[in-house]
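Student: Following this message is one structure expressed as structure tokens.
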Amino acid sequence: MEQESIIKHKCEQLLLRASHFDASDLHLLPGEHQYKIMFRKYGQFIHAGELQSDVANRMISYFKFLSSLDISEKRKPQSGAFQKQLNKHYYSFRISTLPSAFQKESLAIRLLRQNYTLPIATLCYDTKTATELCQLVTQSQGLLLISGATGSGKTTSLYSLVQYCSNELSRHVISLEDPVESSQEQLLQIQVNERAGVTYATGLKAILRHSPDVIYTNMFKTFKISINTSNIKFYFERRGGFCLKNKFCVIQREVLTFDNTKETKIIMSIRFANSEIVYPHPITRFIEDILERRKFEINTIKAYAEDLKGFLNYIVEEEGDIGLKDIKIQHAINYLNFLNERIYLNQIGEYTYKRRAKVLEWFFKWLKDKDYLDEKLHSDVYANMFIENKMIIIKKNMFDHPEYGLVLAKEERTGNLLGSEVIHDFPNNRIEYMKTFLEFTLSVVPEIALGIALQFFGGLRKGEVVNLTIDAFPKTITNKDPYYIVIVLDRFDEIFENKISSVHEQVKVPRNQIVLNLGIAHEIYTLHLKRRNKIKTTSNAMFVSGKGTPICGQTYIKKFNYVKELFLDYMLIKDRRTYEYLTLHEWSSHFGRGVFTNFLLDDLGWDLEDVRLMRHDKRVDTTQIYRDKIVLINKAKTILDVIPKIMQQEDIDHLKNVSKMLRK
């Protein structure tokens, strides 16, 4: 007990010496035989004595005890804090330990005097700097960021500024801190406590209801920079309680270059909701790196920036604030499909679509180059075109790759009624060819036969198929059940533990999906279960290879395309016109979802709204995109069968004669 009292006394005396010296930091630095005592004052280290190693180690243990740290842990860094009264003044002490090569710990203690701040005049080196700082904080609006190295005085400067706002300008100041480094009576200080639900997001939202003039926060120490600069949506409730999101905007400004000449720049910026506050965004680097280097005219650069702005605001509207590293290829696919819907509604032209797709291609390659994107890009996508009996190879937009499942914009082709390069259905004999395709799959790659059946009879996407587990299906399904329900969820982390990128395994809409249990579909389900139960595997995935490993999206596509080639060889013999149609157009694993759509519309006679609900689409227009024109053309041909029942042959001959006369 006597030794503990001695160590406690030595620790208190050391803290007193540091406070009398007006030091900002106290350090105990280990050497081979003893410790050095160092004080930090105005950024300089000052030697303040030595300690024997055994005494210093006990003192460090005592400081760790006061900070509720693990005294026995000396192999890894630790940090904590405690408060203590010294000479009638309260101090907050932040401590940090660091293991050294001598198998001893180094200790650093930051001294923070409570209810005390330096006047701005004392804080600054000269009167001019103090005057400029005071002018900054007198502004009625704006964002003031203070940055610098550790120990450079950021916290001291901030507390001095907010105290000036409170005392000299009579402003209501609220702080949101983690941790509260210095207690100040004049401020309303809030401590972040994530376990209790007090986060930076909820704290800022609550603060705005208390009408602050100034908000002080240290959130940028640890908070993630995102599309809207932080993961906070700034809510303003000045107009009847509306909560609005910040939006991207494109600003054109004249700026001074290093040689004092004026230059027009296009800047991607963020505009605060319900206000005129605008600040630049780091995505402006894309404009500088890609668009300006291509030597485009300033109006062209601005137009491309506006195209990118549309994509970024689409993400903000759909998903809220996400970081640059959170932008995925699927966001681009969703946006381009959204633009496709607008084409069909005649809201935008095809040229606008293609221009925006091109900007997105540049943008995603830039994200990849800057290591913001960890997904693989299909950069080499080509199409073969025949002009005057000569084949010309054309490089296409990378998002046109069939694996992405993009509903492509229709191509302008003279005399071509079929329009889109990508098809979503068989041109005829749908039910027969569905059955044939499934039979081919059972013969060569039975491990995905049920997956294709789920696409044909349930409209699942390939990413949703490979994310299914055994317990996603009902325990029993009989051939008397007209349908069953599968639980579609994102199970990527559960099934693909060692896979990094999920671009081919994404689940667009988690849901309970109805699957029609018709004829061959039930047979395939039964055969799949028998095969699955024979495979030794620890995975709960419904779709596994013969070795027991889960089938990923890329493998599923390869197996689908293998069946596709065999099916086309068969169609070459059976139905030449169907073969030509299927080979002239692009289709991949997303094809099954389109077949499902047209099967519901034509064979079951459902209306578009019912099909939309079955597919879990947000809008009917999305469903309508999967309505291939070839189906409509074939329906139009059935009129020839109806005409003889309505009109006699002489009437038809009379109409032909009238038509000839009109041509003359």
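Using the numbering used here, read the sequence shown as starting at 982 and increasing by one per residue.
Glycine included, C-beta positions come from ideal geometry on N, C-alpha and C.
1) Who are the Cβ neighbours of ARG1337 in its own chain at under 6 angstroms, not counting the five residues just before and after it?
2) Is ARG998 closer than 8 angstroms to HIS1008 when the C-beta atoms are compared?
3) Less than 8 angstroms separating the beta-carbons of VAL1118 and LEU1142?
4) What separation, rounded to the nearest whole angstrom, lies between the Cα atoms of VAL1179 and GLN1172?
5) Given a cut-off of 8 angstroms on the beta-carbon distance, is the pair GLU1428 and PHE1524 in contact?
6) Expressed to the nearest angstrom, what Euclidean distance is found between the alpha-carbon atoms of PHE1421 and PHE1548?
7) If I follow the unbroken beta strand (DSSP E) through GLN1006, where does it start and stop?
8) Just list the beta strand (DSSP E) runs in the region 1485 to 1526, keeping only unbroken ones of 3 residues or longer that don't cross its boundaries, in chain order.
9) Measure the C-alpha to C-alpha separation of SER1482 and TYR1181 and round it to an integer number of angstroms.
10) What does a CB cutoff of less than 7 angstroms around ILE1451 pick up in its chain, not counting 5 residues either side in sequence?
11) I'd like the list of long-range same chain contacts for LYS991, defined as Cβ closer than 8 angstroms, with 5 residues on each side in sequence excluded.
12) Return the bridge partner residues of ILE1196 from the DSSP annotation.
13) Name the two residues that bound the continuous beta strand (DSSP E) containing CYS1533.
14) The alpha helix (DSSP H) that contains GLY1030, what's its start and end?
15) Pick out the complete beta strand (DSSP E) segments inside the region 1063 to 1126, 3 residues or longer, and give them in chain order.
16) Return the CA-CA distance between TYR1295 and LEU1341, expressed in angstroms with no decimal places.
17) Specify, as a first and last residue, the run of the beta strand (DSSP E) that LYS1276 falls within.
18) Check for me: the alpha helix (DSSP H) holding PHE1437 runs from which residue to which?
19) Rounded to whole angstroms, what's the CA-CA distance from ILE1155 to GLY1012? Just pull it up for me.
20) Is TYR1023 buried or exposed, if buried means 16 or more other CB atoms sit within 10 Å of its CB?
21) In terms of alpha-carbon separation, which member of GLN1165, ARG1152, GLY1123 lies closest to THR1137?
22) If we count the other Cβ atoms within 10 Å of its Cβ and call it buried at 16 or more, is ILE1271 buried or exposed?
23) Nearest CA to the CA of LEU1032: which residue from PHE1044, GLN1025, MET1019?
24) Could you tell me the distance, in whole angstroms, from the CA atom of ASP1051 to the CA atom of SER1005?
25) Measure the C-alpha to C-alpha separation of ILE1468 and THR1459 and round it to an integer number of angstroms.
26) Give every residue of the same chain whose Cβ lies closer than 7 angstroms to the Cβ of ARG1234, excluding the five residues on either side of it in the sequence, and list them in chain order.
27) Exposed or buried, what is GLY1030 when buried is set at 16 or more other beta-carbons lying within 10 Å of its beta-carbon?
28) Going straight from the alpha carbon of GLU1113 to that of LEU1126, what length do you get?
29) Can you give me the start and stop residues for the alpha helix (DSSP H) that SER986 sits inside?
30) For ASP1381, is the classification buried or exposed, using 16 other Cβ atoms within 10 angstroms of its Cβ as the cut-off for buried?
31) Let me make sure I understand the geometry here. Which of LEU1589, SER1192, LEU1293 has the alpha-carbon closest to that of THR1265?
32) Sort VAL1496, LEU1582, GLU1413, ILE1279 by Cα distance to LYS1555 and report the nearest one.
33) Classify LEU1679 as buried or exposed, calling it buried when 16 or more other Cβ atoms lie within 10 Å of its own Cβ.
34) Determine contact between the region 1502 to 1518 and the region 1434 to 1444, defined as no fewer than three beta-carbon pairs at a distance below 8 angstroms.
35) Assuming SER1000 contacts SER1073 (C-beta within less than 8 angstroms), just tell me the rounded distance between them.
36) By DSSP's criteria, GLU1567 is part of a beta bridge. Which residues make up the other side?
Tutor: Taking the definition as stated:
1) The residue labelled residue 1337 in the question sits at position 356 within the sequence shown. Excluding the 5 residues flanking it on each side, ARG1337 has same chain C-beta neighbours closer than 6 angstroms at ASP1288, in chain order.
2) Against the sequence shown, residue 1008 aligns to sequence position 27. Against the sequence shown, residue 998 aligns to sequence position 17. Cβ atoms of HIS1008 and ARG998: not closer than 8 angstroms.
3) Along the sequence shown, read from residue 1 onward, the residue named residue 1118 stands at position 137. Along the sequence shown, read from residue 1 onward, the residue named residue 1142 stands at position 161. Cβ atoms of VAL1118 and LEU1142: closer than 8 angstroms.
4) Taking the first residue of the sequence shown as position 1, residue 1179 is located at position 198. Taking the first residue of the sequence shown as position 1, residue 1172 is located at position 191. Their backbone Cα atoms lie some 8 angstroms apart in a straight line.
5) The residue labelled residue 1428 in the question sits at position 447 within the sequence shown. The residue labelled residue 1524 in the question sits at position 543 within the sequence shown. In this structure, PHE1524 lies closer than 8 angstroms to GLU1428 by Cβ.
6) Position 440 of the sequence shown, counted from the first residue, corresponds to residue 1421. Position 567 of the sequence shown, counted from the first residue, corresponds to residue 1548. Going from the Cα of PHE1421 to the Cα of PHE1548 covers about 7 angstroms.
7) Within the sequence shown, residue 1006 is the residue found at index 25, counting from 1. A small correction: the amino acid at residue 1006 is Asp; Gln does not occupy that position in the sequence shown. Segment 1006 to 1011, the beta strand (DSSP E) holding ASP1006.
8) DSSP runs (the beta strand (DSSP E)) wholly in the region 1485 to 1526: 1492 to 1497.
9) Translated into positions along the sequence shown, residue 1482 becomes position 501. Translated into positions along the sequence shown, residue 1181 becomes position 200. Whole-angstrom Cα-Cα distance: 30 angstroms.
10) By one-based count along the sequence shown, residue 1451 stands at place 470. Answer for ILE1451: ASN1521, MET1523, listed in chain order.
11) Here residue 991 refers to the residue found at position 10 of the sequence shown. If we look at LYS991 and ignore the five residues flanking it on each side, its Cβ neighbours are VAL1036, MET1040.
12) Stepping through the sequence shown from its first residue, residue 1196 is reached at position 215. Beta-bridge pairing links ILE1196 to ILE1155.
13) What you label residue 1533 is simply residue 552 of the sequence shown in a count that begins at 1. Where CYS1533 is concerned, there is no enclosing beta strand (DSSP E), given that its DSSP letter is neither H nor E.
14) Looking up residue 1030 in the sequence shown gives position 49. Here GLY1030 belongs to no alpha helix (DSSP H); instead the beta strand (DSSP E) covers 1025 to 1033.
15) 1070 to 1080, 1086 to 1094
16) Locating residue 1295 in the sequence shown gives position 314, where the first residue counts as 1. Locating residue 1341 in the sequence shown gives position 360, where the first residue counts as 1. Each residue's Cα considered, the two are about 13 angstroms apart.
17) Along the sequence shown, read from residue 1 onward, the residue named residue 1276 stands at position 295. Note, LYS1276: premise wrong, no beta strand (DSSP E); not H, not E.
18) Walking along the sequence shown from the start, residue 1437 turns up at place 456. It spans 1430 to 1439 - the alpha helix (DSSP H) in which PHE1437 sits, taken as one unbroken run.
19) In the sequence shown, residue 1155 corresponds to position 174, counting from 1. In the sequence shown, residue 1012 corresponds to position 31, counting from 1. Going by the C-alpha atoms only, they are around 44 angstroms apart.
20) The sequence position of residue 1023 within the sequence shown is 42, counting from 1. It counts as exposed.
21) Stepping through the sequence shown from its first residue, residue 1137 is reached at position 156. Nearest option by C-alpha distance: GLN1165.
22) Here residue 1271 is taken as the residue at index 290 of the sequence shown, counted from 1. Buried, by the Cβ-count rule.
23) On the sequence shown, residue 1032 is found 51 positions in, with the first residue counted as 1. Across the set PHE1044, GLN1025, MET1019, the C-alpha of MET1019 shows the shortest separation from the C-alpha of LEU1032.
24) Against the sequence shown, residue 1051 aligns to sequence position 70. Against the sequence shown, residue 1005 aligns to sequence position 24. ASP1051 and SER1005: Cα-Cα distance of roughly 25 angstroms.
25) Within the sequence shown, residue 1468 is the residue found at index 487, counting from 1. Within the sequence shown, residue 1459 is the residue found at index 478, counting from 1. Cα to Cα, ILE1468 sits roughly 18 angstroms from THR1459.
26) Residue numbering aside, residue 1234 sits at position 253 when the sequence shown is read from its first letter. Taken in chain order, the residues that qualify are LYS1246, ILE1248.
27) Mapped onto the sequence shown, residue 1030 falls at position 49. Of the other Cβ atoms in all chains shown, fewer than 16 fall within 10 Å of the Cβ of GLY1030; this residue is therefore exposed.
28) Working through the sequence shown from its first residue, we reach residue 1113 at position 132. Working through the sequence shown from its first residue, we reach residue 1126 at position 145. Roughly 15 angstroms between the two C-alpha positions.
29) Position 5 of the sequence shown, counting from 1, holds the residue named residue 986. It spans 983 to 1001 - the alpha helix (DSSP H) in which SER986 sits, taken as one unbroken run.
30) The count along the sequence shown starts at 1 and reaches residue 1381 at position 400. ASP1381 is buried by the Cβ-count criterion.
31) Within the sequence shown, residue 1265 is the residue found at index 284, counting from 1. It is LEU1293.
32) Position 574 of the sequence shown, counting from 1, holds the residue named residue 1555. Minimum Cα distance to LYS1555 is reached at GLU1413.
33) Because the chain in this structure spans residues 982 to 1645, residue 1679 falls outside the shown range and cannot be described.
34) Of all C-beta pairs linking the region 1502 to 1518 to the region 1434 to 1444, three or more are shorter than 8 angstroms, placing the two stretches in contact.
35) Residue mapping note: residue 1000 aligns to position 19 of the sequence shown, counting from 1. Residue mapping note: residue 1073 aligns to position 92 of the sequence shown, counting from 1. Actually they do not touch by this definition, with Cβ atoms about 12 angstroms apart.
36) Translated into positions along the sequence shown, residue 1567 becomes position 586. Looking at the DSSP assignment, GLU1567 forms a beta bridge with VAL1403.
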